[in-house]
Structures are given as structure tokens and as C-alpha cells.
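A.B. asks: Mapping to my numbering: the sequence shown position 186 is 561, numbers consecutive. Submitted below is the structure of interest, expressed as C-alpha cells.
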Amino acid sequence: MPKQTAEIFETLSKGQFICSNSSSDTTRRLYDLIDEYYDDLYEYFQGINFVLERGDEYFYFSRAESKVDMERKIEAAFKWIDILDFLKTFDNSFGSGFRFTPADIQVKLNIDAELKTKLDGLKKHGGGKERYDEIIEKVLDLLAKDNFIEIENIISNTYKVLASFDYLEKLVMAINIPEEVKNEIPE
Numbered sequence: 376m377p378k379q380t381a382e383i384f385e386t387l388s389k390g391q392f393i394c395s396n397s398s399s400d401t402t403r404r405l406y407d408l409i410d411e412y413y414d415d416l417y418e419y420f421q422g423i424n425f426v427l428e429r430g431d432e433y434f435y436f437s438r439a440e441s442k443v444d445m446e447r448k449i450e451a452a453f454k455w456i457d458i459l460d461f462l463k464t465f466d467n468s469f470g471s472g473f474r475f476t477p478a479d480i481q482v483k484l485n486i487d488a489e490l491k492t493k494l495d496g497l498k499k500h501g502g503g504k505e506r507y508d509e510i511i512e513k514v515l516d517l518l519a520k521d522n523f524i525e526i527e528n529i530i531s532n533t534y535k536v537l538a539s540f541d542y543l544e545k546l547v548m549a550i551n552i553p554e555e556v557k558n559e560i561p562e
């Protein structure tokens, strides 16, 4: 068992991801340790009611959920669907390893009416923010807080999309709406 097990638990138990492509040396080192000791760590964490999950170049915890927790997570999923839709409209190649600045989004916003409409739809997740730059900042804060992106260069305000973003894409793609129900969902 690696001596950094407590550090791994501390990170993952907060709902964070540990990604192989993080710019943090510490995070990459933790990723390598989990990868090396995966079976031992899986058993250890399962003993304390956490399931160590392996994604494509990232790790995270999952647990059995109560109905109330599931409802809360479904509401959170709606938020992530809206955010993912906005980001893919900004740039369809938005994914692990993609680099961008908030200014890049602002520039595209000025020439893309569909992107602007989708950003208007994110106001409900913007914590009362009304200005586009504030909503973008709030969305980026949410993504960074949940370890889907990280600031790579403070001076140029450049962000890097982490491998854990794949989890978000898979979550949204796993939502299957049967054809007969699609017509009942209000736009």
C-alpha cells in the first residue's frame, strides 16, 4: 500500500479526479501510484465503502446512492449537459488536452449566435451572473473546481482540459432518451 494513500483518499473523497495529464507533478505522481497499486487500493477503499473507479487516464470514487442523492445528481447532470453542449458548440474538439482562454470564448461569442444563445441558457447555473464574461468565468470555475480543467498559464490565462473531462462526456452520452419520449420533452 503506498504511503500516499491518505493523500489519494483526501483528493478523491472530495469528488475530485486524479488525471494523468494534470500539469501538477503531485497529481501525476498520485495517478502513477494508483495505476501501480490499483488492485490493492481498490480492495482497501472498498472496505471503507468507496469504489475506486478507473477511467481513460483518470481515477475517481463512486458509491451506492440513496434516492435523495440520486435526484440531486440528476439535477447536477442537467447542469453538466448544458455546460458540455456550450463547450462543444464553442469548439467541437473540446476535450482532453484542449487548450483555450476565456478570451477565445468571448471572440467566438461575438460571431456565433448559437453559442450566445447557449450561454444565455447557462445563466441559471451562473450564480446570478448576467454579463457574458462573468457567466464564462463562473462556468470555468465550476469546471476547475471539479477537476475537469486547470489553469495552465496564469499570465496568458490559458486553461487545459484534463483527462477527467472524458467522464463528463461519457456521462452525457450514457443518457438515453427513447424516441417516443423525445416528443414529450419541452425544448
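Idealized CB from N, CA, C, for every residue including glycine.
Would you give the residue range spanned by the alpha helix (DSSP H) that T339 belongs to?
C.D. replies: Residue coverage of the chain in this structure runs from 376 to 562, which leaves residue 339 outside it and unanswerable.
A.B. asks: Taking the alpha-carbon of T380 as reference, which of R447, I480, Y406, S397 has the nearest alpha-carbon?
C.D. replies: Here residue 380 refers to the residue found at position 5 of the sequence shown. With distances taken between Cα atoms, T380 lies closest to Y406.
A.B. asks: Going by the CB atoms, is the gap between Y534 and F469 shorter than 8 angstroms?
C.D. replies: Locating residue 469 in the sequence shown gives position 94, where the first residue counts as 1. Locating residue 534 in the sequence shown gives position 159, where the first residue counts as 1. No. Outside cutoff.
A.B. asks: Using a Cβ-Cβ cutoff of less than 6 angstroms, which residues in the same chain neighbour Q391 once the five nearest sequence positions on both sides are dropped?
C.D. replies: Counted from its first residue, the sequence shown places residue 391 at position 16. Here the set comprises N522.
A.B. asks: So which of M376, F453, F384 has the shortest CA-CA distance to S548?
C.D. replies: Numbered from its first residue, the sequence shown carries residue 548 at position 173. According to the sequence provided, residue 548 is Met. The question's Ser does not apply to it. Looking at the Cα atoms, F453 is the closest of the given residues.
A.B. asks: What residue range does the alpha helix (DSSP H) around I423 cover?
C.D. replies: To locate residue 423, count along the sequence shown from 1; it is residue 48. Taken as a continuous stretch (DSSP letters only), I423 belongs to no alpha helix (DSSP H), as it is neither H nor E.
A.B. asks: Can you tell me whether I393 is buried or exposed? The criterion is at least 16 other CB atoms within 10 Å of its CB, across all chains shown.
C.D. replies: For the purposes of this step, residue 393 is identified with residue 18 of the sequence shown, where counting begins at 1. Classification of I393: buried, given that the 10 Å Cβ count is 16 or more.
A.B. asks: Tell me which residue opens and which closes the beta strand (DSSP E) that Y433 is part of.
C.D. replies: If you number the sequence shown from 1, residue 433 lands on position 58. That run of the beta strand (DSSP E) goes 433-437.
A.B. asks: Report the rounded CA-to-CA distance for P477 versus M376, giving the unit in angstroms.
C.D. replies: As a working mapping, residue 477 is identified with position 102 in the sequence shown. As a working mapping, residue 376 is identified with position 1 in the sequence shown. Computed Cα separation, rounded: 41 angstroms.
A.B. asks: Name the one or two DSSP bridge partners that E525 has.
C.D. replies: Residue mapping note: residue 525 aligns to position 150 of the sequence shown, counting from 1. Bridge partners of E525: K535.
A.B. asks: Quick one: any contact between the region 486-499 and the region 407-425, if contact means 3 or more CB pairs under 8 angstroms?
C.D. replies: Cβ pair count under 8 angstroms is below three, so no.
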